[in-house]
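The structure appears right after this line, and notes come after that.
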Amino acid sequence: MAQVKSQVRSAKSQVDSAISDAQASGREAVDAFRDVADTFGDAVEDSLKKSVPMPRLAMVAGSASCSARRGGARPP
């Protein structure tokens, strides 16, 4: 009986260790994804600021909004 209890404790310890390792790996993956997303978002924002002046971007957005309200572009 003592041997069975020892084996159960050992198995529980291994499971706890595996769960802990998986949680740590998951946190690392989430952190890495957040870093990539932040960097990508910053790069897009910087690119837009450098290459597309805000007034032009506002005009394009306004035109798209008006076009959408009228039902989109129609073929001639």
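Heads up, the sequence shown is in the working numbering, so the first residue is 2 and it goes up one at a time. Glycine included, each C-beta is placed from N, C-alpha and C at the ideal position.
CA-to-CA distance, residue j to residue i, given in whole angstroms
| i | j | result |
| --- | --- | --- |
| Glu46 | Pro56 | 15 Å |
| Ala62 | Val31 | 33 Å |
| Ala25 | Ala19 | 10 Å |
| Arg28 | Lys13 | 22 Å |
| Val5 | Gln15 | 15 Å |
| Gly73 | Ala65 | Residue confidence is low: Gly73 scores 48 on pLDDT, short of 50, so the model does not pin down where it sits. Its coordinate-derived value is still stated next. Cα to Cα, the separation comes out at about 8 Å. |
| Ala44 | Met60 | 22 Å |
| Ser48 | Phe41 | 10 Å |
| Ala3 | Asp17 | 21 Å |
Contacting residues, own chain, Cβ-Cβ under 7 Å from residue i (five flanking each side not counted)
| i | result |
| --- | --- |
| Ser21 | none |
Beta-carbon contacts of residue i that lie in its chain and below 6 Å, excluding the five residues immediately before and after
| i | result |
| --- | --- |
| Asp36 | none |
| Arg75 | For Arg75, the pLDDT reaches just 47, beneath the cut-off of 50, and the residue's location in the model is therefore unreliable, leaving the point undetermined. |
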